[in-house]
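Chains as they are written, first to last, in my numbering: chain A, 15 to 246; chain B, 15 to 246.
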DNA sequence: GTCTATATTAAGATAGAC
DNA sequence: GTCTATCTTAATATAGAC
């Protein structure tokens with residue numbers, strides 16, 4: 015008699031699920047490399063060997079954790095961007111506000127989901143093994159293209175190279191601040207007596223990023239250096 | 015007969031120096047935790063045990079590597095900031111330009127020094143052990159205070175809390191982009207056929223950060239949330 | 001699918017001869 | 001100060017009984 019499907023249908027978390035949920039929390043807390051399979055399995059209350067049984071190896075587990083978030087985030091972002099691009103005029107601020115809602119919706123998926131996802135994203139980008147970054151860019155190229163299209167509509171004066179760099183500045187600011195959000199929120203709470211949740215943080219980020227990405231391109235300095243370099 | 019001082023005077027790198035230089039390069043390449051003492055000693059051509067002999071333990075070695083950069087960077091930054099603060103009017107852009115030169119000067123200290131230092135700084139901030147962050151803030155509080163003073167002179171409308179967050183956005187953008195500068199520069203070179211060195215990168219960062227930090231404070235959104243939260 | 005037990009590898013650190 | 005040799009710990013991963 016097979017009862018396995020009953021367990022899955024009834025939502026009772028099986029071993030595979032427990033591993034995924036626990037790994038996600040621990041990865042977000044300490045990073046991929048700093049989290050051992052032992053910690054994961056201990057906290058999940060499952061056997062050490064089950065990770066390898068269900069996911070093959072650790073790298074595969076990491077992909078599974080990140081993938082679950084991307085599947086929720088990217089389609090939601092795509093909807094927002096399509097709606098935005100249907101407009102006649104696009105303000106830079108609205109482009110970043112389009113990211114805010116899909117990101118916040120991850121908090122519905124799981125407690126603290128937005129922060130966890132961003133931290134995973136940051137680690138994916140900067141971690142030793144570059145395979146995660148490749149995985150994301152290739153899987154969601156179309157959504158990323160929509161995003162840059164919206165930015166360029168908001169500020170057509172941006173040349174592609176400037177845009178390239180500014181979007182990476184943006185990514186850096188987001189990743190860093192979300193990764194440190196817990197520690198930073200505590201400091202802010204001590205010093206300014208104001209509670210800062212994810213939404214407050216994003217509302218602070220939006221004007222900063224919109225101003226930064228939308229800033230007039232200053233060719234004074236860079237052009238001078240470039241010409242000097244070309245004459246060498 | 016003592017010849018040790020001859021070695022040191024003549025600039026012949028002794029074991030302790032070799033370890034420091036090699037560790038610095040490897041830390042920047044792969045991070046603190048990802049770099050083993052075995053890698054360091056092998057590449058430096060010294061014995062494994064010598065790390066513990068000269069530096070006690072690994073954590074101490076990390077501090078020594080970062081400390082050498084801070085000693086060069088912080089006083090230079092202080093000079094620039096003092097000069098800036100002597101002016102009547104301060105533009106936001108000039109505050110960030112004040113950081114540019116001290117940072118670039120690290121390239122004179124060692125090839126690629128600016129990028130290495132920033133990467134170390136980023137890792138110091140986000141690494142598991144929070145001891146490095148504490149070390150920096152306490153040791154160089156005065157310089158950091160000068161920096162925030164300059165920012166506030168450039169935009170007196172900034173409330174302390176907004177400034178706090180925006181400076182962390184700034185730090186995130188810098189750290190991330192410098193840490194990924196090698197990979198990103200290669201992509202940019204492929205796609206836009208332009209070489210990007212450290213100075214170009216900083217010249218691109220300055221307008222972005224100046225606009226972001228200097229942006230008008232938007233209390234619309236945050237205030238609404240705050241009030242809602244307070245009424246709960 | 002899950003368990004115990006173990007193989008394998010690699011890390012940081014130290015003892016003690018030279 | 002430097003070396004060899006070794007200790008201790010902890011990681012990923014697998015074999016094989018149940």
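Every residue, glycine too, gets a C-beta built ideally from N, C-alpha and C.
Here the structure is a predicted model, which means the values were calculated and not measured.
Against residue i, what residues of chain B qualify as contacts under a CB-to-CB distance less than 7 Å, listed in chain order?
i              : result
residue 187(A) : 183, 186 and 187
residue 222(A) : 180, 183, 226 and 229
How is residue i classed by DSSP in three states: helix, strand or coil?
i              : result
residue 69(B)  : helix
residue 23(B)  : The pLDDT assigned to residue 23(B) is 41, lower than 50, so where the model puts this residue is not dependable; a value taken from the coordinates is nonetheless given after this. Looking at residue 23(B) - three-state DSSP - the assignment turns out to be helix.
residue 102(B) : coil
residue 170(B) : coil
residue 62(A)  : coil
residue 139(B) : helix
residue 152(B) : helix
residue 90(A)  : helix
residue 125(A) : coil
residue 29(A)  : helix
residue 113(B) : helix
residue 189(A) : helix
residue 15(A)  : Low local confidence applies: a pLDDT of 40 at residue 15(A) is under 50, so the model's placement there is unreliable, with the coordinate-based value given in what follows. Reduced to three states, the DSSP call for residue 15(A) is coil.
residue 231(A) : coil
residue 79(B)  : helix
residue 157(B) : helix
residue 34(B)  : helix
Could you give the first and the last residue of the continuous alpha helix (DSSP H) run that contains residue i?
i              : result
residue 224(A) : 212 to 228
residue 206(A) : 195 to 206
residue 50(B)  : Neither: residue 50(B) is in no alpha helix (DSSP H) and is coded neither H nor E.
Which residues in chain B have a C-beta closer than 8 Å to the C-beta of residue i? List them in chain order.
i              : result
residue 174(A) : 205 and 206
residue 46(A)  : The contacting residues do not exist; residue 46(A) stays about 11 Å from chain B at best.
Just the chain A side, please: which residues come within less than 8 Å of residue i by C-beta, in chain order?
i              : result
residue 202(B) : 175, 178 and 179
Quick one: list the residues of chain A neighbouring residue i, beta-carbon separation under 7 Å, in chain order.
i              : result
residue 124(B) : Ordered by position in chain A, no residue passes the 7 Å Cβ test against residue 124(B), which lies about 21 Å from the chain.
residue 219(B) : 183
residue 198(B) : 182
Can you pull the chain B neighbours of residue i, defined as C-beta to C-beta under 9 Å?
i              : result
residue 191(A) : 179, 182, 183, 185 and 186
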